[in-house]
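A.B. asks: In terms of the working numbering, the sequence shown opens at residue 94 and continues consecutively. Just passing along the structure, written as structure tokens.
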Amino acid sequence: MTLKRGRGPRPPVCASLGALAMTAALLTGCTTAAGLQAVPGARNGTAVTASPVAPAFYNLVTDLFFVTLPPGSTRTGQKCPRPTSASHGGDCTIEFTSALPPQDVYADFARRAAQTGWAPERKNSDGRVVAWAKTFADGSSAHLLLRPLDPGQTSPPYSYSVTGSI
94 MTLKRGRGPR PPVCASLGAL AMTAALLTGC TTAAGLQAVP GARNGTAVTA
144 SPVAPAFYNL VTDLFFVTLP PGSTRTGQKC PRPTSASHGG DCTIEFTSAL
194 PPQDVYADFA RRAAQTGWAP ERKNSDGRVV AWAKTFADGS SAHLLLRPLD
244 PGQTSPPYSY SVTGSI
């Protein structure tokens with residue numbers, strides 16, 4: 094499958110997550126759609142092909158639940174090593190800050206999880222869902238964990254990491 098990015102300006106928040114995640118950016122156009130802000134970006138005219146090396150990992154890093162942050166959030170870091178074989182899964186961590194209160198960040202993740210087929214897997218001590226699971230059409234299972242980087246933070250911006258693994 095080969096996709097090409099459409100015409101139009103890219104918002105400045107768009108930044109590349111690497112070749113595997115560019116498809117999600119191409120699908121979302123790095124724009125806000127239905128209240129979802131896409132974080133990955135793509136270079137104009139870049140064609141993206143599904144990874145023959147790690148199709149399960151490709152499922153994860155192109156899933157809109159994983160590559161989208163709450164409105165007004167800023168991606169501050171990422172670590173997404175590319176798997177070396179089709180049988181080896183992988184994990185990808187995105188760090189971000191948000192001016193939204195923590196309950197709104199968790200609520201946004203819960204809303205988007207429900208929209209994209211992710212099931213709640215675990216709650217924190219406050220009763221908020223912090224982990225989700227999904228089985229993709231090819232049978233690969235993915236897990237996503239949202240956690241605060243500074244749980245004691247009392248004022249914005251609040252820092253988080255979201256890790257997806259497959």
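Virtual Cβ for every residue (Gly too), placed ideally from N, Cα, C. Keep in mind it's a predicted model, so treat the numbers as computed, not measured.
(1) Mind pulling the alpha helix (DSSP H) runs of 4 or more residues that sit fully within the region 216-244?
(2) For the structure I just gave you, are there three or more beta carbon pairs, one from the region 182-191 and one from the region 145-165, closer than 8 Å?
(3) Please report how far the alpha carbon of Ala-207 lies from the alpha carbon of Ser-248, in whole angstroms.
(4) To the nearest angstrom, report how far apart Val-160 and Asn-217 are at their CA atoms.
(5) Among Ala-230, Gly-245 and Leu-239, whose alpha-carbon lies nearest the alpha-carbon of Tyr-253?
(6) Tell me the rounded alpha-carbon separation between Thr-224 and Asp-197.
(7) Measure the alpha-carbon distance for Phe-229 versus Arg-168 and round it to whole angstroms.
(8) My guess is that Arg-221 and Tyr-199 are in contact by the Cβ rule of under 8 Å, so how many angstroms apart are they, rounded?
(9) Under the three-state reduction of DSSP, which class applies to Ala-212: helix, strand or coil?
C.D. replies: The short version:
(1) The qualifying runs do not exist here; there are none.
(2) In short, these stretches touch, since the Cβ pair count reaches three.
(3) Residue 207 sits at position 114 when you count from the first residue of the sequence shown. Residue 248 sits at position 155 when you count from the first residue of the sequence shown. Computed Cα separation, rounded: 28 Å.
(4) Stepping through the sequence shown from its first residue, residue 160 is reached at position 67. Stepping through the sequence shown from its first residue, residue 217 is reached at position 124. If you take the alpha carbons of Val-160 and Asn-217, they lie about 22 Å apart.
(5) What you label residue 253 is simply residue 160 of the sequence shown in a count that begins at 1. Ranking the options by Cα distance to Tyr-253, first place goes to Leu-239.
(6) Position 131 of the sequence shown holds residue 224. Position 104 of the sequence shown holds residue 197. Here the sequence assigns Ala to residue 224, which means Thr is not the residue at that position. Distance between the alpha carbons of Ala-224 and Asp-197 is about 16 Å.
(7) Within the sequence shown, numbered from 1, the residue matching residue 229 stands at position 136. Within the sequence shown, numbered from 1, the residue matching residue 168 stands at position 75. Phe-229 and Arg-168: Cα-Cα distance of roughly 26 Å.
(8) For the purposes of this step, residue 221 is taken as residue 128 along the sequence shown, with counting starting at 1. For the purposes of this step, residue 199 is taken as residue 106 along the sequence shown, with counting starting at 1. Indeed, because the Cβ distance is near 4 Å, the residues count as touching under 8 Å.
(9) Position 119 of the sequence shown holds residue 212. For Ala-212, the secondary structure class from DSSP, reduced to helix, strand or coil, is strand.
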